[in-house]
Amino acid sequence: MTSILAGSTLQLPEVRAVLERLHDLADRNDNSIIQQVLSSGYDWKSASPAQNAATFREALLPIAPDVGRFLYGVARSISAQRIVEFGTSYGISTIYLAAAMRDRNGGLVIGSEMESSKVMQATENIAAAGLLPFVEIRAGDALETLRDPGGTIDLLFLDGWNNLYLDVLQLVSNNLRSGAVILADDLNITPEQMAPYLEYVRNPANGFISVALPIDDGIEYSVKL
């Protein structure tokens, strides 16, 4: 971890241990899992969310450590109290966000995950990091489970299947406070899938100001006006 995070929850031994274990696991296994699936002729772009969730259930599909630190920093800088996350997977990004909640002395990260085995894994990982009191993971289709986020949203993190980003944003849009931050990950992966989302958030008529950031696979940083 960099010195800028000294004294933060991210420096606690139990948090570091879980994150290092999960990042290492992803580095060892994800590429081979994804290549095996894609080499079989599987077309994730035309598959349903449920099919994709089941097919990639053993892949962590994580954010990079730099992205995690960025998430933590954004959440702290805006003093986010309620965060919604689309695509929890094994809980890596959730841990970075929950660390920010702990360091502001309270708050909630609402995660969403369709694959039941990943919900169990994420819950175990977040508990091992000591951050479960700051997290609620909703199992099932995010377009149903996030319909009522339970309050005003300060930060929305989109990191599931990117062809659903716009649907999720529009679903929770009325709950986003003025000044809320929306972070959409994997900007440069299958850009054709991202096009409708980017067209929407980059159109000022829709009430957002938005810019692409060159972090890892690209992040679209948007603010609700």
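Here the sequence shown stands for residues -7 to 217, numbered as in our numbering.
Even for Gly, the Cβ is constructed at its ideal location relative to N, Cα and C.
{"query": "Ile102 lies in the beta strand (DSSP E); which residues open and close that run?", "result": "Leu100 to Glu105"}
{"query": "From what residue to what residue does the beta strand (DSSP E) around Tyr213 run?", "result": "Ile211 to Lys216"}
{"query": "Select from Leu2, Leu17 and Ile25 the residue whose C-alpha is nearest the C-alpha of Arg96.", "result": "Leu2"}
{"query": "With a threshold of 16 other CB atoms inside 10 Å of the CB of Ser214, please say whether the residue is buried or exposed.", "result": "buried"}
{"query": "What does a CB cutoff of less than 6 Å around Gln218 pick up in its chain, not counting 5 residues either side in sequence?", "result": "No information on residue 218 is available, as it lies outside the stretch -7 to 217 that the chain covers here."}
{"query": "Taking all protein chains shown into account, decide if Lys37 is buried (16 or more other Cβ within 10 angstroms of its Cβ) or exposed.", "result": "exposed"}
{"query": "DSSP has Glu77 in a bridge; who is on the other side?", "result": "Gly103 and Phe149"}
{"query": "Please determine, among Leu148, Ile55 and Ala42, the residue with the shortest C-alpha to C-alpha distance to Asp22.", "result": "Ile55"}
{"query": "Name, in chain order, the residues that DSSP records as bridge partners for Ala204.", "result": "Glu212"}
{"query": "Which residues does DSSP pair with Asp177 in a beta bridge?", "result": "Ile211"}
{"query": "Give me the Cα-Cα distance between Gln162 and Gly132, rounded to the nearest whole angstrom.", "result": "18 Å"}
{"query": "In the DSSP assignment, what residue or residues form a beta bridge with Thr129?", "result": "The sequence shown places Ile at residue 129, not Thr. Paired residues: Gly103."}
{"query": "Can you grab the Cα-Cα spacing for the pair Ile102 / Arg130, in whole Å?", "result": "7 Å"}
{"query": "State the CB to CB distance for the pair Ser85 and Gly65, rounded to an integer number of angstroms; the pair is presumed to be in contact (CB under 8 Å).", "result": "That belief does not hold up - the Cβ atoms of Ser85 and Gly65 are roughly 13 Å apart, past 8 Å."}
{"query": "In chain order, what residues of the same chain have a beta carbon less than 7 Å from the beta carbon of Ala121, not counting five sequence neighbours either side?", "result": "Glu6, Val7, Val10 and Ile87"}
{"query": "Return the chain-ordered list of same chain residues with a C-beta closer than 8 Å to the C-beta of Asp58, the five sequence neighbours on each side being excluded.", "result": "Ile207 and Asp208"}
{"query": "With 16 other CB atoms within 10 Å as the buried threshold, where does Ile(-4) fall?", "result": "Note that Ile(-4) scores a pLDDT of 44, beneath 50, so its modelled location is shaky; the value from the coordinates is reported in the next line. Exposed: under 16 other Cβ atoms inside 10 Å."}
{"query": "How far does the alpha helix (DSSP H) with Pro5 in it reach, from first residue to last?", "result": "Pro5 to Ser31"}
{"query": "Just tell me which of Leu156, Ala90 and Val160 has its CA closest to the CA of Glu128.", "result": "Ala90"}
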